[in-house]
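Be aware that the sequence shown starts at 26, since it is given in this note's numbering, and climbs by one per residue.
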Amino acid sequence: MKIIFNNGNPYKTVVTLLLLLILILILYSFYNFFNFNNHKDEVNNKIKPQDFHKNRITVIVTTPILYLLARTIAENSTIIDVQPLLTAQDIHEHTLTLKDYSLIENADLVLFEDEELEGYIKDIKKATNNHSKFIELSTFFPINDTIRKSEFNEIEDPHRWMSPKNVKLYLKALKDVFSNHVSLESNLYEINYNRAIKKIDALHNDLQSSNINCSNKLIITSHKFLTHYCQSYKCSAESLLDIHSHESEMTPLRYKKLLELIKSQKINKILVDRSDQSSIVDNFIKENSLIKAELETFHSWDSVINLCNYSHSNQPISWLDCYVNTMYLNAKTISEAMGC
Ligand SMILES: [Zn+2]
C-alpha cells in the first residue's frame with residue numbers, strides 16, 4: 026500500500042495505478058489469445074457454439090417408444106442425454122407435474138409424437154420463445170400413412186411404432202435430428218442407425234413370412250393400436266374403443282356392428298393392450314364369451330421397464346432388442362388370435 030500511494034504523492038500514485046492497469050490488460054489479452062486458440066481447435070472439430078457452454082445436450086422424450094429409439098441412436102454418446110417425461114402415467118394421460126414443466130423448460134430438445142394428441146406441448150410452446158427445440162416426430166411421416174379413418178369414423182391411429190417399417194422412419198428422423206444438433210457425433214449416430222436398421226429389416230422379413238397365411242383376417246383390439254401393423258402385414262383391425270378420439274364410449278350401433286363382425290368372422294379372441302384398464306372392454310369380453318389376449322404396445326413406462334429389464338439410470342444391453350423381442354412376441358399373439 027505504501028508503494029502504491031507513494032507517501033501521499035498524488036502524481037506518482039496515478040502513474041503507478043496506470044502501470045498496474047496496463048499490466049492487467051496485457052495479462053488478460055494473453056489469456057484470451059490462448060483460450061481462442063483452444064476454441065479454434067474445437068471449431069475445426071465441428072463443435073457447435075452451444076457445445077462450448079454445455080458438455081451435455083438434454084433431450085426430453087414424451088413416450089416410452091421414443092425413449093427406446095432415441096437411446097438406440099444415442100447409444101455410447103458422450104454428449105446426448107435422453108430423459109423421459111410423464112413417467113408416472115400411461116401415455117394417454119397428459120397431466121404435467123412441476124418436475125415435467127422444468128424438464129421441458131431446461132431441455133435442449135423436446136421430442137414428441139404429435140401436437141394434436143399431446144396438447145400440453147402446444148400450451149408450453151405458447152409460453153416460450155424457443156420453438157425450435159420442439160420436434161414433432163409425426164411430421165417425418167408421409168401424410169397418407171397417418172390419416173386413415175375406419176368405418177366408425179375415428180381419428181387416425183397414432184401407434185405408428187407397431188409397424189417395424191415405421192420404426193425405420195423414426196430411427197432416420199432421430200438420426201437426422203441428433204446429427205443436426207451435435208454434428209461432432211454424427212458418425213456415431215450413423216453407425217448406431219445402420220446397426221438398428223439391419224435388426225429392424227430382419228424383424229420385418231420374419232413377421233412378413235410368419236403372417237403370410239393370415240392375409241386380410243380381422244383382428245379386434247381393445248383400442249385402436251394395430252392399424253399400422255395391419256397395413257404392413259395385410260390384416261384388418263377394428264377396435265372396441267377409440268381412446269384417442271376422446272369418445273371412448275361404446276355406442277349401441279358400434280356394439281351391434283362389432284358383434285356382427287365377431288360372428289361372421291368367427292372371432293373368439295380380443296387383443297388388449299397390457300396397460301388398458303377398461304370395464305367396457307372387460308364387460309364386452311365377458312358378455313360375449315370371448316377370450317382376452319394381451320399385447321405389449323409400449324404405452325406405459327412401467328411395462329416397458331419390466332419388459333426391457335432396465336431402470337432409467339442403467340444402460341441396458343440393447344435398447345432396440347427390447348422393441349424387437351417384444352414385437353416377435355406380439356406377432357405370435359396376433360397370429361394365434363387370428364387362428365393362423
Ligand atoms: Zn393408445
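Every residue, glycine too, gets a C-beta built ideally from N, C-alpha and C.
- Burial check for tyrosine 214: the Cβ neighbour count within 10 Å reaches 16 or more, so the residue is buried.
- Histidine 229 has no beta-bridge partner at all, per DSSP.
- Looking only at Ile146, Val84, Ile305, Glu118, the smallest Cα-Cα distance to tyrosine 280 is reached by Ile305.
- With 16 or more other Cβ atoms inside 10 Å of its own Cβ, arginine 185 counts as buried.
- The DSSP-derived three-state label of glutamine 302 is coil.
- By the neighbour-count criterion, in which 16 or more other beta carbons inside 10 Å mark a residue as buried, asparagine 308 falls on the exposed side.
- In terms of Cβ geometry, alanine 221 and isoleucine 98 form a close pair [threshold 9 angstroms].
- According to the DSSP assignment, valine 107 belongs to the beta strand (DSSP E) that extends over 105-109.
- Its chain contains Val86, Thr87, Thr88, Leu91, Glu143, Ile146, Phe159, Ile160, Glu161, Leu162 as the residues whose beta carbon lies nearer than 8 angstroms to that of phenylalanine 137, once the 5 sequence neighbours on both sides are disregarded; these appear in chain order.
- DSSP places glutamate 130 inside the alpha helix (DSSP H), whose first and last residues are 123-131.
- Taking non-hydrogen atoms of ligand 1 into account, the C-beta of phenylalanine 250 is found less than 8 angstroms away from one of them.
- For alanine 356, the enclosing alpha helix (DSSP H) starts and ends at 344-363.
- Shown here, serine 314 sits in coil according to DSSP, grouped into three states, outside any helix or strand.
- Between tyrosine 195 and leucine 232, the beta carbon gap of about 17 angstroms keeps them out of contact (Cβ cut-off 8 angstroms).
- Pairing leucine 50 with isoleucine 149, the inter-Cα distance amounts to about 46 angstroms.
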